[in-house]
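Protein chains: 2
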Amino acid sequence: MLDTLFRPRGVAVIGASRDETKLGFGVCRNLTGSGYAGAIHFVNPKTTEILGRPCYPSIAAVPDPVDLAVVIVPAAAVAETLHDCGRRGVKIAIVVSGGFGEGGPEGKALEEEIARIARQYGMRLVGPNCIGVIDTHTPVNTTFVKSVPERGDIAFVSQSGAICQAVIDWGTGMGFGFSRIASLGNQADVAEAEVLGALAEDPNTRVVTMYLEGVQDGSRFLDVMCGAAREKAVVALKVGRSAAGKRAVTSHTGALAGQEAAYDAAFDRTGVLRANNAEELFSWARALAWCPPMRGDRVAVLTTAGGPGVLAADGVEASGLRLATLSADTVATLHSFLPPQASFGNPVDMLASGGPREYILALQALLADPGVDAILAISVPPPIEDPLPIAQAIVTGAQSAAKPVVVAVMGEATVAEALRALRAARISDYRFPEHAASALGALRRRACWQSRPPFKPALFADVDRAAARARLNGAGAGWLGGVPAAEALSAYRIPGPREMLVRDEDEAARWARQLGYPVVLKVASPDIAHKSDVGGVALDLADEAEVRHAFQRVTESARRARPDARIEGATMQQMVLKGQEVIIGAVRDPQFGPLIMFGAGGIEVEGMRDVAFGLAPLSREEAEAMVDRTFAGRRLRGYRNIPPADRAAAIDALLRLAQFAADFPEVAEVEVNPLRVQLQGEGAVAIDVRIRVMEEHVHRAAG
Amino acid sequence: MLDTLFRPRGVAVIGASRDETKLGFGVCRNLTGSGYAGAIHFVNPKTTEILGRPCYPSIAAVPDPVDLAVVIVPAAAVAETLHDCGRRGVKIAIVVSGGFGEGGPEGKALEEEIARIARQYGMRLVGPNCIGVIDTHTPVNTTFVKSVPERGDIAFVSQSGAICQAVIDWGTGMGFGFSRIASLGNQADVAEAEVLGALAEDPNTRVVTMYLEGVQDGSRFLDVMCGAAREKAVVALKVGRSAAGKRAVTSHTGALAGQEAAYDAAFDRTGVLRANNAEELFSWARALAWCPPMRGDRVAVLTTAGGPGVLAADGVEASGLRLATLSADTVATLHSFLPPQASFGNPVDMLASGGPREYILALQALLADPGVDAILAISVPPPIEDPLPIAQAIVTGAQSAAKPVVVAVMGEATVAEALRALRAARISDYRFPEHAASALGALRRRACWQSRPPFKPALFADVDRAAARARLNGAGAGWLGGVPAAEALSAYRIPGPREMLVRDEDEAARWARQLGYPVVLKVASPDIAHKSDVGGVALDLADEAEVRHAFQRVTESARRARPDARIEGATMQQMVLKGQEVIIGAVRDPQFGPLIMFGAGGIEVEGMRDVAFGLAPLSREEAEAMVDRTFAGRRLRGYRNIPPADRAAAIDALLRLAQFAADFPEVAEVEVNPLRVQLQGEGAVAIDVRIRVMEEHVHRAAG
């Protein structure tokens, strides 16, 4: 359906203008100037001719075909115009006009009305408050933007018209072209996911880029993007980080999640590369469009001076890549044409005498080295000539290479011709070595994602959903802890500790024998929150005598300290000295559903921020990767004198928690802190479980 | 002395050339073209005239004055040329020629020889292997670089000639000028610290920038820069991060330090701003040169479209700043001239109708708001006109403002005129809002450093240096632990734990009473390393009965498990349940001396990397800042249900450790892990101390 947006048969401009200071003129100018081969119709009741073409008094008077209408009339007139379009059989209307939802509740109502009108005629609506679309291959340009993008293979979709304008101007100035550009405005009907799908299917597009303020429908976004990124590289500039962390949450998981963690997890699953700023978006996109895949992380740096080589080496490491170790063969080849004072390590420094011939030969040698996955070539401003011959040599040496070659052409004043030569050969150029390295990093992350197996949620058949539901239904809205919370999770086979209440010394001795020494005793009292403060805790009890003595001590200490407290006896647990503690949790994200956390547990989790996030349900690969992204998770394999823990059990618990969170939409937050991961083969135990049940679900269950 | 380098009376070019493909011609062209008003002398025995000026056969034949000689002759001829220069009374020789230390040991020997020759005549030597110097105000240009920098107020010093060339080309292309540029090459004589001093004293320089691969003399660098940054903003691009961590070290402190931590600490102390890449270096420098100081961290963003405003807001937060809250007065003023649909929060979005008049009025309103410390104004590519009128309006509104105003002119193809207008008015422009925000971040960090008190080391008079020396002298090279290490630090008043050896049950009971319950008992045996593995540890002993029973248990368990082991009894310590554990340590940096670390202790310190570094001796402010940079340090003030600890005692121990490390150059590493910081008023205890003594010092002490 949306293909029509980029390849319409017939376009009408409603609100076309002869006045060069009006946007309605800009659209007419761009549309006629774009080389669009279909029918172009201008509509304006006040004039009969614009740019030498006839102008119709209304859309009704426009002859066939007219798939697409571009609407630039005052907001108050848009509804009537859309009725006209609908009656005329227009398939898609782009509403450029502003004055809708962006301006307040009144405009929001008007926006809802125009969406309704479109639906009524089965017509699709782009905007309002947008700048339209461009397809440089059709070609068609419905925008009023002065700069006209060159034909290229990068598609761009934007939730901000101003960013669209800037991007077109950047592209024009920096010498890269676009395949399709779409400005979405307020998204009254057509939203980002659908357009992204259309861009991903476009045969002229190699890389899809986007400016995103948010997604409308998280699960649709995940569906579309999972498929899209298999075919095309996708890079997102997701803004709004600064608004993060404003959600009202009470768990560690919630406090740590922010709203960006869900986007990061969604991008990670779907292979969307997240650019950190507007500049990176297109730095990366150009390399992704023009370079072959990067099969490994080993980069060779080619330079004619030391300093730029060091900048590049720093950039390579900062981008998560490493410097390749050159083979003996490669070094021998380099020796055959470089002076002996050159550096034959990596960076390869050919010295200032390195000219076009040396660049060609060195590139060939490095490309042939099986230990090299990509090349970062540097052109330093030459003291005598200009950098064009070097750029031409790089083109000769790198063109049709099966490995990525990116170029840092250092300088600005004297580089224009060199850049033109590189761009014509589809070789990505950067002014700074660090940016070139960053682009290689993006290529590598893309290749890593492509080599992952397709997403498949890990779901366990042995969970007892009914038992868990019974536990949740038994509770009201708000936090649920203690036994019911523990039992809800143990129904999903996340077990709690072996723990029992002992009422006297003899019972304590009996149970201790059964549990196995050493054990821990804590006074049991509903009235005492901080048991250690009243001398109510005894650790590391190693035999029966110690247990008997400790039972007396903890109960008596507590009685002395709090004569009013009800003392029920003591709870006894095995003392697990060698386990490791982690936290697992989930918090519901408004767009993407349950956001799952794994990390370092204990009360310090928020301070340390040693945590990783994913979306529920998780795949096994995702759970593994989450564990390995944190220090607490890597430590499960053993660390220094800490023995390996039951990492498999921790991953199992994480997957089961994700399944639990996905199964029960009434669970707003769930947190196991700590999850004690015992020695290998001994499992993981949920020591403390808390679940927050949402009010609306309780009401619904009750109603 | 070095002022002569930038303001010479008379310059001779030795190795001048008529051949336009030679560097020796480039120098002649630049020198004569630079407008240099002093005497210019060309020296080349093979010609009599270059560029219409007479050419002398030798430096001896050159008439007075001749302060400076630029030497571009083959490496083999440099020594003889320098003899000639020395005899002729040349004050400074710039050796452009390569073929010295950069090429291997032979070249290194030649380099040492030419440095010797220069010293012999009291002549200073810049280079070899450099591209010389430029002063655009003198004016003089001794380089061969084709691009010629404009006059400006940014000085640049570089340890890479190629970076110098690139920087000149960037500056020329991006429209900012330089005051002085110096390329240092191999630094056979003149090194970075001395030149930085000369740049800082230059009245035409407002900002000093540098490309640094390393410093030659750390303490000299610290001396020079502490003074320099008081007067001028200083920004460094310190490269070589990727080579970090290669030092051979065995402590946590050493493993975590890398070599970059010492540079970071040195820059922090001296107010040098560290740019992350070449682009940032000059992004920041322009704002530092052109903006007034930024008195607080509250930024107002002014835009005509939402998306760019969000990019700017993200950038503001990412740069360590925050969005200002506008006063009611400001909002009322904005309402008086903006449409009601505009956004009056921050970012202020004037909507697309915001033209030159609105920019001027809004800038004035925001500048007048006492809650605004800086303004980030955005110019979106206008759909109809070009951005020049907006830029002119920003100039009108912002010129002579007492607060920083930076501008993001988004776009590239249509912005040239707008940029020229802004630059002419000394207003910093950026293509991307995030870069503009980053520059404000640098302005703010500069202002924060300027408000710090001058560095004053915190030194304690109550330390017993002789006692500590006695302990160190008693040991050989290598690691020193146990009692002697603890005693060396306790001589510096970093106390160890109260701990004693008890030989029988009665003694145990007696000491426990004296220490206060609860206590810990560990079997004492020189043969048993892992005491808990043999049941040799008893924790949390709360009364005499438990102590007596535990003494029997731990000694008997150990005897059973290891019948061969010598059992001396048990060591007893107070069980401190409520202290917090941190690590403090020092490792000797080759350039900057002892590098001091504070952070989260325990065996996980390397995994968590929750650490901060400083240079010894520390000032009290530095120690406080180090503690507050880490979570482990912030937690000392109390965190959730962890009570506040004796933070003052931890800072005291950190300062004393730094003093100890500074006092004993034979100490290669010292580490206290953990330092147990007890409850407020109860001090901090060095639980485990290890000191590594360097071999050469032991030999020296022995020899």
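If you're matching them up, the sequences are chains A and B in order. Taken in order, the first sequence gives residues 10 to 712; the numbers are from our numbering. Taken in order, the second sequence gives residues 10 to 712; the numbers are from our numbering. Beta carbons: idealized from backbone N, C-alpha and C, even for Gly. As the structure is a computational prediction, the values presented were derived from the model and not from experiment.
So, with DSSP's three-state summary, where would you put residue i?
| i | result |
| --- | --- |
| B/H146 | coil |
| B/K540 | helix |
| B/L550 | strand |
| A/I177 | helix |
| B/C300 | coil |
| A/F346 | helix |
| B/R256 | Residue confidence is low: B/R256 scores 38 on pLDDT, short of 50, so the model does not pin down where it sits. No coordinate-derived value is stated. |
| B/V556 | helix |
| A/F165 | strand |
| B/Y45 | coil |
| B/A456 | helix |
| A/D438 | strand |
Is residue i close to chain A? Criterion is C-beta to C-beta, closer than 8 angstroms.
| i | result |
| --- | --- |
| B/A294 | no |
| B/P719 | The requested residue 719 of chain B does not occur in the structure, where chain B is confined to residues 10 to 712. |
| B/P114 | no |
| B/S156 | yes |
| B/N286 | yes |
| B/S169 | yes |
Residue i to residue j, Cα distance in whole Å?
| i | j | result |
| --- | --- | --- |
| B/T342 | B/G692 | 56 angstroms |
| B/M183 | A/E421 | 7 angstroms |
| A/V52 | B/Q350 | 29 angstroms |
| B/A722 | A/V325 | Chain B is shown only over 10 to 712; residue 722 of chain B falls outside these bounds and no answer can be derived. |
| B/Q168 | B/V99 | 24 angstroms |
| B/V381 | A/A654 | 53 angstroms |
| B/L385 | A/Q174 | 19 angstroms |
| B/G206 | B/P17 | 17 angstroms |
| A/A253 | B/V563 | In this predicted model, A/A253 has a pLDDT of only 36, less than 50, meaning its place in the structure is not dependable enough to derive any value. |
| B/A296 | B/A445 | 9 angstroms |
| B/V244 | A/D162 | 39 angstroms |
| A/A361 | B/S156 | 17 angstroms |
Mind checking if residue i is an interface residue toward chain B, Cβ cutoff 8 angstroms exclusive?
| i | result |
| --- | --- |
| A/R307 | no |
| A/K531 | no |
| A/H558 | yes |
Residue i: buried (16+ other C-beta within 10 angstroms of its C-beta) or exposed?
| i | result |
| --- | --- |
| A/N195 | buried |
| A/L510 | exposed |
| A/A337 | exposed |
| A/S534 | buried |
| B/Q268 | buried |
| A/T279 | buried |
| A/D178 | buried |
| A/G113 | exposed |
| B/E704 | exposed |
| A/A70 | exposed |
| A/A494 | buried |
| A/R597 | buried |
| B/H344 | exposed |
Next on the checklist: Going residue by residue through the region 564 to 647 of chain B, where are the continuous alpha helix (DSSP H) segments of at least 4 residues, counting only ones entirely within it?
Outcome noted: 614 to 617, 629 to 638, 640 to 643
Item to check | Runs of alpha helix (DSSP H) wholly within the region 653 to 681 of chain A (minimum 4 residues, chain order) | outcome: 656 to 672
Checklist entry - In chain order, which beta strand (DSSP E) runs of at least 3 residues are fully inside the region 169 to 251 of chain B? => result 187 to 192, 216 to 221, 242 to 247
Checklist entry - What beta strand (DSSP E) runs, 3 residues minimum, are completely inside the region 460 to 542 of chain B? => result 487 to 489, 508 to 511, 528 to 533
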